[in-house]
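Trainee: Numbering (this note's numbering), first residue to last: 4 to 75.
Mind having a look at this structure? Questions to follow.
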């Protein structure tokens with residue numbers, strides 16, 4: 004999560020994007036809801052083609068439990 008600002012700084016409304024991403028990560032109650040919320044987030048902000056976010060999502064099995072262990 005530390006790289007978010009530097010990776011999204013070029014997007015208009017990047018502060019809102021960062022807040023929404025943080026909300027998705029911290030407030031999803033299940034893996035399924037995380038996947039759904041992440042997809043909605045990507046569509047809402049037109050980030051589907053963002054390589055860094057796509058790779059981050061693909062590697063979620065590595066990092067998601069660090070942030071969401073209290074839910075899963």
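For every residue, glycine included, the Cβ atom is placed at its ideal position computed from N, Cα and C.
Short check: CB of residue 8 to CB of residue 21, under 9 Å?
Mentor: A contact, by the Cβ cut-off of 9 Å.
Trainee: In or out: residue 51 buried (at least 16 other Cβ within 10 Å) or exposed?
Mentor: exposed
Trainee: So is residue 68 buried or exposed if we call it buried at 16+ other beta carbons inside 10 Å?
Mentor: exposed
Trainee: Cβ atoms of residue 56 and residue 45: under 9 Å apart, would you say?
Mentor: yes
Trainee: By Cβ distance, which residues of its chain are closer than 7 Å to residue 14, with the 5 residues on each side in sequence left out?
Mentor: Hits under 7 Å: 20.
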